[in-house]
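Enquirer: For what it's worth, the working numbering labels the leading residue of the sequence shown as 1, then goes sequentially.
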Amino acid sequence: WLKTHGFPTINVLFADDKMTIARRQGCGFAVEDSERHARNYAAGGISCFLIDRNQSLLDVADPMIQRVQTFQQILAEIGKIRDLDGRRAAVTADLPPISDDAVPVRPRIVVADAIHEIARSQLEAQADVVDVDGTNLSALLKAVRDADALVVRSETQVTGEVLAAAPRLRVVARAGVGVDNIDLDAATRSGILVLNAPGANATSAGEHTIALLLAITRQITFADATTRSGEWARKQVKPIDLRGRTVGIVGLGRVGSIVAKRLKAFEMRVIAHDPHIPESRFQELGAEAVSLDAIWDQSDVVTFHCPSTVETHHMLNERTLHRLRRGAIVINAARGEVVDQDALARAIQDGHIAGAGVDVFPSEPCRESPLFSLPNVVVTPHTGGQSAEAMEAVGRVIGASTLAALRGESVSNGVNLPSATLNAPELRRLTTVAAAAGKLLAVLTSDIPNQYGIKVTGQVSGSLTELLLGTALCASLQQWLGRRVTPVNARVIAQEIGLEITSVAGEDDPDRIPRFIFSASGHSNHTVTVSWDRTQAGIIEVDRFSLERPLSGHVLITHHRDQPGVIGRLGTILGRYGVNIAGMQVGRDAPLGEAMMVTNVDEAIPDEVLEQIRAADAVENAFVVALPPMDDVDPVQLSGIRAETRPVPSVVS
1 WLKTHGFPTI
11 NVLFADDKMT
21 IARRQGCGFA
31 VEDSERHARN
41 YAAGGISCFL
51 IDRNQSLLDV
61 ADPMIQRVQT
71 FQQILAEIGK
81 IRDLDGRRAA
91 VTADLPPISD
101 DAVPVRPRIV
111 VADAIHEIAR
121 SQLEAQADVV
131 DVDGTNLSAL
141 LKAVRDADAL
151 VVRSETQVTG
161 EVLAAAPRLR
171 VVARAGVGVD
181 NIDLDAATRS
191 GILVLNAPGA
201 NATSAGEHTI
211 ALLLAITRQI
221 TFADATTRSG
231 EWARKQVKPI
241 DLRGRTVGIV
251 GLGRVGSIVA
261 KRLKAFEMRV
271 IAHDPHIPES
281 RFQELGAEAV
291 SLDAIWDQSD
301 VVTFHCPSTV
311 ETHHMLNERT
321 LHRLRRGAIV
331 INAARGEVVD
341 QDALARAIQD
351 GHIAGAGVDV
361 FPSEPCRESP
371 LFSLPNVVVT
381 PHTGGQSAEA
391 MEAVGRVIGA
401 STLAALRGES
411 VSNGVNLPSA
421 TLNAPELRRL
431 TTVAAAAGKL
441 LAVLTSDIPN
451 QYGIKVTGQV
461 SGSLTELLLG
471 TALCASLQQW
481 LGRRVTPVNA
491 RVIAQEIGLE
501 ITSVAGEDDP
511 DRIPRFIFSA
521 SGHSNHTVTV
531 SWDRTQAGII
541 EVDRFSLERP
551 LSGHVLITHH
561 RDQPGVIGRL
571 GTILGRYGVN
581 IAGMQVGRDA
591 PLGEAMMVTN
601 VDEAIPDEVL
611 EQIRAADAVE
621 NAFVVALPPM
631 DDVDPVQLSG
641 IRAETRPVPS
651 VVS
């Protein structure tokens, strides 16, 4: 439009659909976003107009930013604008219409470390990709200011400072497994989803472990160096066999399991310690489940495949090193903090430890280490998971899941958000309806309640229950607080405001269609029930009233006394303001008792209409809510195959 009307070429620094921002991140964030837009346009010499009826939303003192109350004022003023080079702009008020199928704004993804070309191609096809050196903090802080996602490997440190500098950031994707370079607590508090690629590089890391071990036992580096230098040091090379020796594996997850399988083929005795793995898995791998004490006391080789945590920090230290058999070998391709490298160097120098293979260091990139000068130590620069196949697999996972998360779809590799083992289309519909239920619950409960919860009937996994609770809670908190809330930080925010969260598993009946009853209890008590036939989902009950059809679209909900003339009066008010009724459902608990009416209308109901409805005789309260549209759903399918054990007031069209 600017080009068509004679304006010079400019860079548009911000472009987003305001309603999308408001729904996703809260009205407060959307207002702040408008201010950022205006300031950047004004900095570029472009006059801006802010429609601000309240005259109080923004504190703007820039002469290039003018307040108006209506869009018509903008059209009246915009004809007076001259373009930047002084020519009169041929401006008209015939702004182009926005197509319903317009392409959405492309997200901005910052890539801070090297990633596979497959991941890059995936991301560039659907997003604007910006590269930055993640080890340069000032450059990183600048790059993430407008980022929707940040992709890193192990080199970039994603600290609280980095996250605080990125108000739009929704996803941090770790192209690998370990996330100890990411401040998970800060990400969770900010509502940022952290992804990784578990298992994608497990084979590479496992085989690298074997390579380090063989390089030591066969003295490969010494033999290679002396042969290249012209020596024939055959007599000085004294390799040892692995057969018959005992390997102790700390951590029997994806990588540890691969190591166990490979070393069983070398006819080693395999013992392992992992409190999170069932006994059956040990048996499947041919490994003996033992304590850590047994690992230290019985192993000829110790190899680590566990994360860096408070419990695993310096797990191998001065004391535990000297519990190992004399001549033992240490392999660490997990995390540098797991092994005290100073103590390991001393144990190698005094001859207690025969050698070590190290791929990871406490601080990376590592320029200095006491291990570097020791000839019986093989060191590599954290390349365990960097085979061509691993990098491709990690790239595919991270590329696809980052884009899916930005689209609001379910991902199975979230680190700080529970995942559910469902196909994305099925889960998307259910989570959309759960969010609608949370929004409706917040509309019905105007004040923040004391307790918020979910009760599940039917056979449903705990991870799915937690995901839906987080989704509904997120929608409710956004409605109550007007701030950015995501399923990632919903529980954290609930705790901050003293909102008690409950989750109850009801009847675990595989023959029953699952129902999720979301509840809010405080000054008033309300419930919204969602039914799910594992394909379709819908809101089928509000408070104590069962609905004939699931709720969708623009909805007016009234609580009123059951008496003649109420429905007619409400219909008259809507008709007076040209609000067309698309459908109506009415129910009551008893004649002349409490009643509820659910009215679907074709367009949003203005505030003044809602106030007249609330003031109508016999109306106790009225609410309006916009819910996602329902596909063609058979209401019988969502009603469950067994009758309710308690009486439910019927709502009849």
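Every residue, glycine too, gets a C-beta built ideally from N, C-alpha and C.
Can you give the Cα-Cα distance for A38 and A125, rounded to whole angstroms?
Expert: Approximately 29 Å, taken between the alpha carbons.
Enquirer: Quick check on Q479: buried or exposed, where buried means 16 or more other Cβ atoms within 10 Å of its Cβ?
Expert: So Q479 counts as buried.
Enquirer: Could you work out which residue in F545, S121, G593 and Y452 is closest to R561 when comparing CA atoms only?
Expert: Considering only alpha carbons, the answer is G593.
Enquirer: Would you check if the distance between the CB atom of G251 and the CB atom of A334 is smaller than 8 Å?
Expert: Yes. Within cutoff.
Enquirer: Ordered along the chain, which non-local residues of its own chain (more than five positions away) have a Cβ less than 7 Å from that of H382?
Expert: Cβ neighbours of H382 beyond the five flanking positions: S154, D359, V360 and E364.
Enquirer: Please report the distance separating the alpha-carbon of N423 from that of N413.
Expert: For N423, the predicted model reports a pLDDT of 42, less than 50, meaning its position is unreliable; a value from the coordinates is still stated below. Looking at the two C-alpha atoms, the distance is approximately 14 Å.
Enquirer: In whole angstroms, give me the CA-to-CA distance for L50 and A437.
Expert: Answer to the nearest angstrom: the Cα atoms are 33 Å apart.
Enquirer: If I follow the unbroken alpha helix (DSSP H) through I258, where does it start and stop?
Expert: From DSSP, the alpha helix (DSSP H) with I258 extends over R254 to A265.
Enquirer: On the three-state DSSP scale, how would you describe A164?
Expert: A164: helix per DSSP, three-state reduction.
Enquirer: What residue range does the alpha helix (DSSP H) around L140 cover?
Expert: L137 to A143 is the span of the alpha helix (DSSP H), which, as asked, contains L140.
Enquirer: What are the start and end residues of the beta strand (DSSP E) that includes L499?
Expert: No beta strand (DSSP E) holds L499; DSSP gives it neither H nor E.
Enquirer: Which residues mark the beginning and the end of the beta strand (DSSP E) in which H559 is found?
Expert: Run containing H559: G553 to R561, per the beta strand (DSSP E) assignment.
Enquirer: DSSP three-state label for A127, please.
Expert: Looking at A127 - three-state DSSP - the assignment turns out to be coil, as it is neither helix nor strand.
Enquirer: Between which two residues does the alpha helix (DSSP H) carrying S476 extend?
Expert: Note, S476: alpha helix (DSSP H), G462 to L481.
Enquirer: Look up I240 in the DSSP assignment and say whether it is helix, strand or coil.
Expert: Note: I240 maps to coil in three-state DSSP.
Enquirer: What is the DSSP secondary structure of G351, reduced to helix, strand or coil?
Expert: Correct three-state label for G351: coil.
Enquirer: If you count every other CB in all the chains shown that lies within 10 Å of the CB of P695, and 16 or more means buried, which is it?
Expert: Nothing about residue 695 can be read from this structure; the chain reaches only from 1 to 653.
Enquirer: Is I613 closer than 8 Å to L551 when the C-beta atoms are compared?
Expert: It is not a contact, given that the beta carbons lie outside the stated cut-off.
Enquirer: Taking contact to mean at least 3 C-beta pairs separated by less than 8 Å, is the segment 581 to 592 in contact with the segment 527 to 538?
Expert: No, the segment 581 to 592 is not in contact with the segment 527 to 538.
Enquirer: Using alpha carbons as the reference points, say which of R588, A616 and V555 lies closest to V566.
Expert: The option with the nearest alpha carbon to V566 is A616.
Enquirer: Give me the Cβ distance between S190 and N525, rounded to the nearest whole Å; I'm assuming they're in contact under 8 Å.
Expert: No, S190 and N525 are not in contact; Cβ-Cβ is about 32 Å, not under 8 Å.
Enquirer: Quick check: the segment 397 to 411 against the segment 204 to 223, are there 3 or more CB pairs under 8 Å?
Expert: Cβ pair count under 8 Å is below three, so no.
Enquirer: Please specify which runs of the beta strand (DSSP E), each continuous and at least 3 residues long, are wholly inside the segment 168 to 241, giving them in chain order.
Expert: 171 to 174 and 193 to 195, all fully within the segment 168 to 241.
Enquirer: What are the residues that DSSP puts in a beta bridge with I654?
Expert: Nothing in the structure corresponds to residue 654, since the chain is present only between 1 and 653.
Enquirer: Do you know how far the Cα of L417 is from the Cα of H352?
Expert: Roughly 44 Å between the two C-alpha positions.
Enquirer: For F304, which residues of its own chain have a beta-carbon under 6 Å away from its beta-carbon, when the five flanking residues on both sides are left out?
Expert: These residues qualify, in order along the chain: V250, N332, A334 and V338.
Enquirer: So, with DSSP's three-state summary, where would you put E311?
Expert: Coil, per DSSP.
Enquirer: Among I513, M584 and D293, which one has its Cα closest to the Cα of E654?
Expert: Past the edges of the chain, shown from 1 to 653, lies residue 654, and the structure says nothing about it.
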